[in-house]
Amino acid sequence: MKAVQDDDLLEEDSPPDNRVVQTNQYSSISPPASPVADEEPFSTYFEDKVAIPEDVNQVFSFRKLWAFTGPGFLMSIAYLDPGNIESDLQSGAKAGFKLLWVLLVATIIGLLLQRLAARLGVVTGMHLAEVCNRQYPTVPRIILWLMVELAIIGSDMQEVIGCAIALNLLSVGRIPLWGGVLITITDTFVFLFLDKYGLRKLEAFFAILITIMAISFGYEYVLVKPDQGELLKGMFVPYCEGCGPVQLEQAVGIVGAVIMPHNIYLHSALVKSREIDRRNKKEVKEANKYFFIESTIALFISFLINVFVVAVFAQSFFNKTNMEVNAMCNATGSPHSDLFPLNNGTLEVDIYKGGVVLGCFFGPAALYIWAIGILAAGQSSTMTGTYSGQFVMEGFLNLRWSRFARVLLTRSIAITPTLLVAIFQDVQHLTGMNDFLNVLQSMQLPFALIPILTFTSLTSIMNDFANGLVWKISGGIVILMVCAINMYFVVVYVTALNSVLLYVLAALLSIAYLCFVGYLAWHCLVALGVSCLDFGSRVSNRPAVLIEEQSEYDT
Numbered sequence: 001m002k003a004v005q006d007d008d009l010l011e012e013d014s015p016p017d018n019r020v021v022q023t024n025q026y027s028s029i030s031p032p033a034s035p036v037a038d039e040e041p042f043s044t045y046f047e048d049k050v051a052i053p054e055d056v057n058q059v060f061s062f063r064k065l066w067a068f069t070g071p072g073f074l075m076s077i078a079y080l081d082p083g084n085i086e087s088d089l090q091s092g093a094k095a096g097f098k099l100l101w102v103l104l105v106a107t108i109i110g111l112l113l114q115r116l117a118a119r120l121g122v123v124t125g126m127h128l129a130e131v132c133n134r135q136y137p138t139v140p141r142i143i144l145w146l147m148v149e150l151a152i153i154g155s156d157m158q159e160v161i162g163c164a165i166a167l168n169l170l171s172v173g174r175i176p177l178w179g180g181v182l183i184t185i186t187d188t189f190v191f192l193f194l195d196k197y198g199l200r201k202l203e204a205f206f207a208i209l210i211t212i213m214a215i216s217f218g219y220e221y222v223l224v225k226p227d228q229g230e231l232l233k234g235m236f237v238p239y240c241e242g243c244g245p246v247q248l249e250q251a252v253g254i255v256g257a258v259i260m261p262h263n264i265y266l267h268s269a270l271v272k273s274r275e276i277d278r279r280n281k282k283e284v285k286e287a288n289k290y291f292f293i294e295s296t297i298a299l300f301i302s303f304l305i306n307v308f309v310v311a312v313f314a315q316s317f318f319n320k321t322n323m324e325v326n327a328m329c330n331a332t333g334s335p336h337s338d339l340f341p342l343n344n345g346t347l348e349v350d351i352y353k354g355g356v357v358l359g360c361f362f363g364p365a366a367l368y369i370w371a372i373g374i375l376a377a378g379q380s381s382t383m384t385g386t387y388s389g390q391f392v393m394e395g396f397l398n399l400r401w402s403r404f405a406r407v408l409l410t411r412s413i414a415i416t417p418t419l420l421v422a423i424f425q426d427v428q429h430l431t432g433m434n435d436f437l438n439v440l441q442s443m444q445l446p447f448a449l450i451p452i453l454t455f456t457s458l459t460s461i462m463n464d465f466a467n468g469l470v471w472k473i474s475g476g477i478v479i480l481m482v483c484a485i486n487m488y489f490v491v492v493y494v495t496a497l498n499s500v501l502l503y504v505l506a507a508l509l510s511i512a513y514l515c516f517v518g519y520l521a522w523h524c525l526v527a528l529g530v531s532c533l534d535f536g537s538r539v540s541n542r543p544a545v546l547i548e549e550q551s552e553y554d555t
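Counting in the UniProt record's numbering, the sequence shown runs from 1 upward without gaps.
In structure tokens, the structure reads:
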């Protein structure tokens, strides 16, 4: 078994001249050294690191919290992407305020999962894709990479098309969908190189985009004046009176939209941007604390923005019929009244129709401000999605390419199918594609959640920061519940296809899919301490043994 360096994970009092034999696949790890001294840094975003101020005598320091602030807000953007916004407005239109508690619970679960991702990055100095690369055998590793890439492509398509829809609304239809995609691709390349001017400037730019979203959707919230009593009842009373299959599917969709697989990989990488001495247990513990506080604040803000959107559509468009909306659009002279057929069917909205109905009921300003918020959501999430793609590809494949080549490759993989959809699909008929993309991402959730629970539960990787018994049990239950909910969403989608051929194809794919998920779950259960399953598993929770030379400590 090969030995792996571990100078980042050793305790301060570890003897420097010890040598350790490694007996299992899951070992303490550290980032690989660059083979060429002057080679360009391995990852973007980390070319400069934020120093942490020294406040030795303080239990809590706002200066330190400010220094750690950044990664959590970038991570929170995935909770505000166009796919989430569309889920929010559909929740409001289909169920009113009744599913706000589902949004709250999903956000709390997301926070707990992001905590695991951040701890992995802080303790090991490596992100989840890098750990997977070093811990899984070649074939499972390649399959895992392909699955995560699919999730990133699906998310990226929603984000880029969200930007394109916003540009179409702002230009009153003059910019077609494919034109908006090309504009988004171009400005994403430009914005991605902002980190050349400093990491904090890049994080400030993302903060500006989040502020634009808060102001835009907050304006709609104030304009509509939702019933605060109903809002609070829907948020804190876990019950959905009079709900049926439509509302149940929407509740499942909320969970799938909020908890995104690529975001786990992203957050575990972003925390590497702070200067932390990983040989100092106190510093690692402190970093874990401040990153968790920052993530809590960031997700609380994202939750409020999501609530704004749900409340606007719950108050104004819950139980509205197509005929009512058509009549209002005609009365206000909107050119989009043909989007709503003359029947008594319940109004169905997406982010495009959502902007249109806001314009019909509350004036053109509401439409344009909505579009600005969607543009900020799409642009920010497209950029963080690009970072996710780079981290995943670099980690799983151990790429050593130039920075521009890495950005170009990761962008091309995600953008090519998006551009094809934009060329051959009309802006008014994207709901079916969005449902498919949500299903695609739901299916990829186990490929982020199972590995993150596996590796954060192993003392051979996390040392003293491995998950305790409570976290192992609760984490396992949460992940099982989230995966089951999303599998229900997939089954509902597939059964609605009404095609025997597609049923057979889905059954064959399901067998292969479940076999691979079972393989990952087997390793995870062994890592969690289910020793009766440890027959030939490469997982062991025994502590790793030191293999460092004295000279390595001296350097």
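Every residue, glycine too, gets a C-beta built ideally from N, C-alpha and C.
Check whether the Cβ atoms of residue i and residue j lie closer than 8 Å to each other.
i, j, result
"Phe340", "Glu220", "no"
"Leu299", "Leu113", "no"
"Ala151", "Pro238", "no"
"Tyr136", "Leu146", "no"
"Ala371", "Leu170", "yes"
"Ala207", "Phe73", "yes"
"Thr188", "Met383", "yes"
Count the other C-beta atoms from every protein chain shown that fall within 10 angstroms of the C-beta of residue i, then say buried if there are 16 or more, exposed otherwise.
i, result
"Pro82", "buried"
"Ser27", "Since pLDDT at Ser27 reaches only 40, below the 50 mark, its modelled position is unreliable, and no value is offered."
"Asn168", "buried"
"Asn498", "exposed"
"Lys196", "exposed"
"Pro446", "buried"
"Met481", "exposed"
"Phe535", "exposed"
"Ser43", "The pLDDT assigned to Ser43 is 45, lower than 50, so where the model puts this residue is not dependable; a value taken from the coordinates is nonetheless given after this. Ser43 comes out buried."
"Leu89", "buried"
"Phe489", "buried"
"residue 590", "The structure shown does not extend to residue 590, since the chain is modelled only from 1 through 555, so no value can be given for it."
"Gln228", "exposed"
"Val312", "buried"
"Phe62", "exposed"
"Arg411", "buried"
"Val131", "buried"
"Val500", "exposed"
"Gly475", "buried"
"Cys515", "exposed"
Quick test of your reading: residue i and residue j, contact by CB under 8 Å. State the CB separation rounded to the nearest angstrom.
i, j, result
"Phe121", "Val271", "Checking the displayed sequence, the identity of residue 121 turns out to be Gly instead of Phe. Sure, about 4 Å apart at Cβ, within 8 Å."
"Ile450", "Leu509", "So it is not a contact: roughly 19 Å between Cβ atoms."
"Phe404", "Pro71", "At roughly 24 Å, the Cβ-Cβ gap does not stay under 8 Å, so Phe404 and Pro71 are not in contact."
"Gly359", "Ala166", "Actually they do not touch by this definition, with Cβ atoms about 13 Å apart."
"Ala269", "Phe391", "4 Å"
"Gln247", "Lys94", "6 Å"
"Ser273", "Leu209", "Ser273 to Leu209, Cβ: 18 Å. No contact."
"Gln158", "Asn434", "7 Å"
"Ile109", "Ile259", "7 Å"
"Ala78", "Ser295", "Not a contact, Cβ separation roughly 12 Å."
Comparing alpha-carbon positions, which option in the options lies nearest residue i?
i, options, result
"Glu394", "Phe303, Leu128, Gly373", "Leu128"
"Ser87", "Cys483, Val310, Thr346", "Val310"
"Gly139", "Ile259, Phe396, Lys94", "One point to set straight first is that residue 139 is Val, not Gly, in the sequence displayed. Nearest option by C-alpha distance: Phe396."
"Thr459", "Ala527, Ile477, Trp471", "Ala527"
"Lys353", "Ser268, Val325, Ala376, Asp227", "Val325"
"Met126", "Leu533, Ile77, Ile452", "Ile452"
"Ser76", "Gly385, Lys233, Phe60", "Gly385"
"Pro417", "Arg141, Pro53, Glu149, Ala117", "Glu149"
"Ala331", "Tyr503, Gly363, Asp187", "Gly363"
Can you list, in chain order, the residues of its chain whose CB lies under 7 Å from that of residue i, leaving out five sequence neighbours each side?
i, result
"Asp336", "The identity of residue 336 in the sequence shown is His, whereas the question assumes Asp. So the qualifying residues of the chain are Cys329, Val356."
"Ser316", "Val224, Phe361"
"Ile305", "Leu80, Met213, Ala214, Phe217"
"Ile254", "Ser87, Ser91, Leu99, Val102, Leu103, Ala106"
"Val530", "none"
"Gly154", "Leu437, Leu440, Gln441"
"Ile485", "Val252, Val255"
"Met323", "Leu342, Asn343, Asn344"
Report whether the distance from the Cβ of residue i to the nearest heavy atom of the ligand ATP is below 7 Å.
i, result
"Leu223", "As for the ligand ATP, it is missing from this structure, which has no ligand bound."
Spatial neighbours of residue i within its chain, please: C-beta separation below 6 Å, excluding the five flanking residues on both sides.
i, result
"Gly96", "Ala314, Phe318"
"Asn438", "Gly256"
"Ala448", "Pro261, Ile264"
"Ser34", "The predicted position of Ser34 is uncertain, since its pLDDT is 33 and thus under 50; no value can be drawn from it."
Go through its chain and collect everything with a Cβ distance to residue i's Cβ below 8 Å, but skip five positions before and after it.
i, result
"Ile415", "Asp156, Val160, Val181, Ile185"
"Met462", "Arg119, Leu120, Val123, Thr124, Phe455, Thr456"
"Thr321", "Asn343, Asn344, Gly345, Thr346, Leu347"
"Lys233", "Phe97"
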